[in-house]
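As given, the protein sequences belong to chains A and B, one line each in that order. The first sequence begins at 1 in my numbering and counts up by one. The second sequence begins at 1 in my numbering and counts up by one. A short write-up of the structure that comes next.
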Amino acid sequence: MKLPAYLSAAWQYFFPAALIALTTLLFFALRDYLDTTLVALLYLIPIGVITTTSGFTPGIISAVFSFFAFNYFFIEPYYTLAVHRPLDLVILTIFLVVSVVLSRLVGRAQAGLAAANAREREATQLYELSTALAGLHGEYTVAQILGKRVAALSQGEYLEVNIAGSQPVQFGMPSTTPPNRPPELSIPIQAARSTLGEILLWRSKPPISTGETRLIQIFASQAALALERARLAQAESRAKVLEESDRLKSAILSSVSHELRTPLSTIKAAASSLRGNEVGWDSPARVELVAAIDDESDHLNMLVGNLLDMSRIESGALKPKREWNILSEIVGSVTARMKYSAEEHKVEIEIPESLPFVPVDYVQMEQVFTNLISNSVKYAPPNSLIRIRAEVEGECVRVQVSNQGPQIPPEHLERIFDKFYRVTEADRVTGTGLGLSICKGIIEAHGGKIWAENLRDGLAFNFTLPLTWEGSPPPQLPMDTEVE
Amino acid sequence: MSAEPHILVIDDELQIQRAIRTILTEKGFRVTTASSGEEGLALAAASEPDIIILDLGLPDMDGVEVCSRLREWTQTPIIILSVRDSERDKVGALDKGADDYLTKPFGIEELLARVRVALRHALRAQKQGTQSKAVKAGDLTIDLVWHIVKRGEEQVKLTGTEYKLLAYLAANHGRVLTHQSILTHVWDPADADHTEYLRVYMRQLRKKLEEDPERPQHILTEPGIGYRFIADE
Numbered sequence: 001m002k003l004p005a006y007l008s009a010a011w012q013y014f015f016p017a018a019l020i021a022l023t024t025l026l027f028f029a030l031r032d033y034l035d036t037t038l039v040a041l042l043y044l045i046p047i048g049v050i051t052t053t054s055g056f057t058p059g060i061i062s063a064v065f066s067f068f069a070f071n072y073f074f075i076e077p078y079y080t081l082a083v084h085r086p087l088d089l090v091i092l093t094i095f096l097v098v099s100v101v102l103s104r105l106v107g108r109a110q111a112g113l114a115a116a117n118a119r120e121r122e123a124t125q126l127y128e129l130s131t132a133l134a135g136l137h138g139e140y141t142v143a144q145i146l147g148k149r150v151a152a153l154s155q156g157e158y159l160e161v162n163i164a165g166s167q168p169v170q171f172g173m174p175s176t177t178p179p180n181r182p183p184e185l186s187i188p189i190q191a192a193r194s195t196l197g198e199i200l201l202w203r204s205k206p207p208i209s210t211g212e213t214r215l216i217q218i219f220a221s222q223a224a225l226a227l228e229r230a231r232l233a234q235a236e237s238r239a240k241v242l243e244e245s246d247r248l249k250s251a252i253l254s255s256v257s258h259e260l261r262t263p264l265s266t267i268k269a270a271a272s273s274l275r276g277n278e279v280g281w282d283s284p285a286r287v288e289l290v291a292a293i294d295d296e297s298d299h300l301n302m303l304v305g306n307l308l309d310m311s312r313i314e315s316g317a318l319k320p321k322r323e324w325n326i327l328s329e330i331v332g333s334v335t336a337r338m339k340y341s342a343e344e345h346k347v348e349i350e351i352p353e354s355l356p357f358v359p360v361d362y363v364q365m366e367q368v369f370t371n372l373i374s375n376s377v378k379y380a381p382p383n384s385l386i387r388i389r390a391e392v393e394g395e396c397v398r399v400q401v402s403n404q405g406p407q408i409p410p411e412h413l414e415r416i417f418d419k420f421y422r423v424t425e426a427d428r429v430t431g432t433g434l435g436l437s438i439c440k441g442i443i444e445a446h447g448g449k450i451w452a453e454n455l456r457d458g459l460a461f462n463f464t465l466p467l468t469w470e471g472s473p474p475p476q477l478p479m480d481t482e483v484e
Numbered sequence: 001m002s003a004e005p006h007i008l009v010i011d012d013e014l015q016i017q018r019a020i021r022t023i024l025t026e027k028g029f030r031v032t033t034a035s036s037g038e039e040g041l042a043l044a045a046a047s048e049p050d051i052i053i054l055d056l057g058l059p060d061m062d063g064v065e066v067c068s069r070l071r072e073w074t075q076t077p078i079i080i081l082s083v084r085d086s087e088r089d090k091v092g093a094l095d096k097g098a099d100d101y102l103t104k105p106f107g108i109e110e111l112l113a114r115v116r117v118a119l120r121h122a123l124r125a126q127k128q129g130t131q132s133k134a135v136k137a138g139d140l141t142i143d144l145v146w147h148i149v150k151r152g153e154e155q156v157k158l159t160g161t162e163y164k165l166l167a168y169l170a171a172n173h174g175r176v177l178t179h180q181s182i183l184t185h186v187w188d189p190a191d192a193d194h195t196e197y198l199r200v201y202m203r204q205l206r207k208k209l210e211e212d213p214e215r216p217q218h219i220l221t222e223p224g225i226g227y228r229f230i231a232d233e
């Protein structure tokens, strides 16, 4: 039963008085049958009950009250506080001493029990907090849990938990903004080497007790431990990522230095033989060598371009400069430019005239088609067909670049878009192993998806591109059709 | 203009300077070089070159800024040199008044072709009013006076916008024209962002004028920059 504070205080004093009065009434009725000494002993029972239930002070009050009632009603002469018989005086004195001692003993035991209970409650709360904090990795979640526990414990007006590197967590109870005064309690969240944050509590009534302060301090140190744990875990996973990227970097370096050296060797050999006058001015070899220098420097340029693209994709700096474009124009200019490199293959373009505008970066999409077509050229046998198709599929346009090259084992289909991933031995085909992963980076930056699939007679690269741009559909243009 | 056209090369890379100077001198040009934006601006004012070749990646100042400072007082053709993937800078410089661009690494034929086109346009700009009357490109003839476009002997029927677009391209044949400059010139400055207009009309024009519209010979796309019309020299 929970009573308002003033009622419970009144009850604290009313209950002993009532009980003593009731007891007195009962003894008074039985006065003729009871011995005075027995009455004195019997009075100790309600005093004990009162001290147990209501505490030390009501116990003492009821002892004194009983003393007077006993004297007034049960010691002759009745109805006066005077004492005639010396024995009665002794009884009275003993009664007073015993009842006060009893009150004190029972009261102290009572207080000890309450303290033990409080300690147990604290221990439970602490246990709950530390279980809740275990295994958390984010500063913010730690702040939230800590805040929730402190709020439940303190019942203040407003609570704020600030942790460095995370946004503050606020609990308004009941006010929703911090009161316009300094907080009544501010406890730092202190780790071994630095202060990680603080707990601010506003509560003017009732004042914050030292017990509460101590508990919140313990909470804060628990939170500090959890935060340090979280930071260690983060540092560890960062270290793992670094290690991984280090491994990747050395893979890149070895692949790149191999790839870059190949054209460089050709250029160096050709240029030095031209310079050394080893080749006569009119020799047909001269033309060959010059052509080799020209071709290989283009190749080198492409490799460097791929590397730059990749690093841009990795760093997230690849932002498409979107415009409404006509897909067939992009494909057309790529196939025109690749006329020579794809001359051993038949390139077929099936893009319907009615295909709407696509919101893409022209240059980046050229890159995608260039990489997909040159991949097909590299792996598909000469005189085979490379087909480029596009069609609208729901909210997207779906593009397919297919070839009649060898199929890829299903388990490799996804991994071919990884950096430096090759199905065949690296020595057999030239290239950085970056082409497809660049395509993936570009398509994903456009909000699309890319995947490979085996066809009955070859391999297809598919990708989708969203047709809407910032929510707007492709524009419809008013055309002038009138001929001059 | 003196007998040998004078070219100012502003580029901080000495190897590039050396290569360009060697080749252009061989081809009968007089070449001056500068290694920084400030030096380039000073030399441009002092020596009044016929063409300026300007690298966008200079140590002391932004190439685009050099471009606009040059344009404050001279109409000398400017050819931009820059690396791949800096379309934004290229377009910025072209819209600030540069005449053309070359992407490093470039072939020397390309450089010479750009220089020739730039010289021709500079010459035409000097002799005001001598706009070429007709432009020939393969079997195409574009009569800019009578607004007649012929493919072989047959007249090609173009809409008003198509003709305006073609005429602008043909009058500037050999030069790159940015999306923005075409849109503001043929349409309206307010339409400068609507590249889709261009895409559509270019497709129409190619269909009417090109042998193989998918592999155009005359109306070339400059990826990320604009278009270039190739005519007979």
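Beta carbons: idealized from backbone N, C-alpha and C, even for Gly.
Grab the span of the beta strand (DSSP E) containing residue i for me, first residue to last.
i              : result
I53 (chain B)  : I51 to D55
A137 (chain B) : A134 to A137
K449 (chain A) : K449 to L455
L355 (chain A) : First-last for L355 (chain A): undefined, no H or E at that position.
T221 (chain B) : I219 to E222
Which of the three DSSP states, helix, strand or coil, is assigned to residue i?
i              : result
I20 (chain B)  : helix
Y227 (chain B) : strand
P263 (chain A) : helix
P466 (chain A) : strand
A63 (chain A)  : helix
A167 (chain B) : helix
L30 (chain A)  : coil
A426 (chain A) : Note that A426 (chain A) scores a pLDDT of 49, beneath 50, so its modelled location is shaky; the value from the coordinates is reported in the next line. Here A426 (chain A) sits in helix by DSSP.
V145 (chain B) : coil
D62 (chain B)  : strand
W187 (chain B) : helix
G458 (chain A) : strand
N172 (chain B) : coil
E329 (chain A) : helix
P16 (chain A)  : helix
L140 (chain B) : strand
S47 (chain B)  : helix
Beta-carbon of residue i versus every beta-carbon of chain D: anything under 7 Å?
i              : result
V200 (chain B) : Of the protein chains in the structure, A and B, none is chain D.
Report the option in the options whose CA atom is closest to the CA atom of residue i.
i              : options                          : result
S66 (chain A)  : A:F95, A:P77 and A:V83           : A:F95
E393 (chain A) : A:Y78, A:L385, A:G448 and A:Y127 : A:G448
E366 (chain A) : A:S99, A:R214, A:R322 and A:S315 : A:R322
I61 (chain A)  : A:N71, A:F70 and A:I50           : A:I50
C439 (chain A) : A:L465, A:A118 and A:R149        : A:L465
L248 (chain A) : A:V290, A:L232 and A:M310        : A:M310
D361 (chain A) : A:Y78, A:S472, A:T195 and A:H446 : A:H446
A164 (chain A) : A:I145, A:W281 and A:S194        : A:S194
D62 (chain B)  : B:G40, B:Q155 and B:T141         : B:G40
Our contact map puts residue i next to residue j with C-beta atoms below 8 Å; I'd like the distance itself, whole angstroms only.
i              : j              : result
A226 (chain A) : L133 (chain A) : 4 Å
I189 (chain A) : E198 (chain A) : 6 Å
V401 (chain A) : L372 (chain A) : 4 Å
L43 (chain B)  : T25 (chain B)  : Not really, about 17 Å apart at Cβ, beyond 8 Å.
Y197 (chain B) : D191 (chain B) : 6 Å
L136 (chain A) : A230 (chain A) : 6 Å
L274 (chain A) : L300 (chain A) : At roughly 18 Å, the Cβ-Cβ gap does not stay under 8 Å, so L274 (chain A) and L300 (chain A) are not in contact.
S384 (chain A) : Q404 (chain A) : 4 Å
V83 (chain A)  : N71 (chain A)  : 7 Å
S47 (chain B)  : D12 (chain B)  : That belief does not hold up - the Cβ atoms of S47 (chain B) and D12 (chain B) are roughly 19 Å apart, past 8 Å.
Please report the residue range of the alpha helix (DSSP H) in which residue i lies.
i              : result
P46 (chain A)  : T36 to S54
D298 (chain A) : P284 to E314
T178 (chain B) : That residue, T178 (chain B), is in no alpha helix (DSSP H); its beta strand (DSSP E) goes V176 to T178.
I443 (chain A) : G435 to A445
R114 (chain B) : I108 to Q126
V83 (chain A)  : First-last for V83 (chain A): undefined, no H or E at that position.
K104 (chain B) : Here K104 (chain B) belongs to no alpha helix (DSSP H); instead the beta strand (DSSP E) covers D100 to K104.
T76 (chain B)  : Per DSSP, T76 (chain B) belongs to no alpha helix (DSSP H) and is neither H nor E.
| field | Start-end ranges of the beta strand (DSSP E) lying completely within the segment 110-189 of chain A, minimum 3 residues | value | 158-163 and 169-172
| Quick one: complete alpha helix (DSSP H) runs, 4+ long, within the segment 194-279 of chain A? | 210-275
| query | In chain order, which continuous runs of the alpha helix (DSSP H) of length 4 or greater are located wholly inside the segment 357-415 of chain A? | reply | 362-379
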